[in-house]
Amino acid sequence: MTETLLLLESLYLLDGERDATWDGIRELDAQVKSTGEQIAATQAELGELAERTAPMVAEAASVQVEIEKLAERRSRLRGQLDRGEVPDYVAGEHQLATYDQQAEVAELRWMELEEGREQLDRKAMAVRERLKTLQRRLVEQQRVVEQEGGRLRAELDRLNKERLTRKAAVPEGELREYETLRRQHRDAMTRLQGGACLACRMVHPPQFVLEVKRGSRLLRCRSCTRYLLGTVEPEDEQPVSSPE
Ligand SMILES: [Zn+2]
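Its first residue numbered 521, the sequence shown is counted upward by one per residue in the numbering used here.
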């Protein structure tokens with residue numbers, strides 16, 4: 521390989537390491553962010569459940585008051601009837617039956633509300649459990665970000681310094697071209713396999729493939745313009761170990 525190609529390759533390998541390190545840092549940050557968002561959504565869910573529960577509790581309380589009032593009225597009327605203080609006994613009995621009916625309706629409503637509230641309470645309990653799990657996960661992820669993230673950033677610093685050294689060794693023109701290419705493709709360098717560019721699949725003429733294989737000068741794919749680091753054997757032509 522030409523000296524320049526070797527220098528570019530060494531820069532390219534370093535850039536690959538930098539990318540991977542950056543990916544690692546971003547991945548850690550993304551995990552924390554995602555858990556934070558899940559926590560916010562879970563808290564909103566709890567808030568919504570509380571909002572749905574509150575009117576049920578309020579209504580159940582007022583229905584309870586109504587039930588107590590009906591019971592009071594009923595027992596007062598019952599006493600008056602028993603003591604013969606009611607002039608129209610039949611109308612009194614009829615009123616008692618009405619109180620009973622009203623109490624029954626109110627009790628059914630109260631039970632319905634209680635059931636609904638219990639259901640929401642159970643849901644809220646499950647959501648709170650989920651929230652606790654998420655909060656524990658966040659603490660763990662933040663711990664990892666502190667340790668692993670710190671290590672990755674130190675590694676990135678080291679790679680950035682090393683990059684300055686490697687960059688300085690590459691001729692200016694090629695460096696500029698390489699940097700331009702790297703902005704377009706993370707994989708700015710590739711190889712040919714069976715004559716085809718591994719990145720864009722363009723098939724090159726045999727003479728060109730030979731030149732790439734020889735590596736006597738800097739060559740780029742004629743389609744995607746990536747630098748060509750050489751050739752790799754086509755998969756079906758690779759020696760296959762026999763079962764014996
Ligand atoms: Zn290509």
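Ideal Cβ positions, reconstructed from N, Cα and C, are used throughout, including at glycine.
Here residue 752 carries a strand assignment [DSSP, helix/strand/coil]. Nearest Cα to residue 643 within the set 572, 701 and 747: 572. Around the beta carbon of residue 645, fewer than 16 other beta carbons sit within 10 angstroms, so the residue counts as exposed.
When the five nearest sequence neighbours on each side are left out, the beta carbons in the same chain lying within less than 8 Å of the beta carbon of residue 640 are those of 569, 572, 573 and 576, in order along the chain.
Distances from the CA of residue 678 to each of 740, 526, 718 and 535 were compared; the closest alpha carbon is that of 535. Separation of residue 635 and residue 546 (C-alpha to C-alpha, rounded to the nearest whole angstrom) is 47 Å. Around the beta-carbon of residue 609, fewer than 16 other beta-carbon atoms lie within 10 Å, marking it exposed.
In the structure shown, the three-state DSSP call for residue 723 is strand.
With a threshold of 7 Å, the Cβ atom of residue 709 does not count as near ligand 1, since no heavy atom of the ligand is closer than that. A direct Cα-Cα distance of roughly 10 Å separates residue 717 from residue 745. In this structure, residue 647 lies away from residue 548, with their beta-carbon atoms at least 8 Å apart. Proximity of the stretch 729-747 to the stretch 708-716 meets the contact definition, three or more beta-carbon pairs being nearer than 8 Å.
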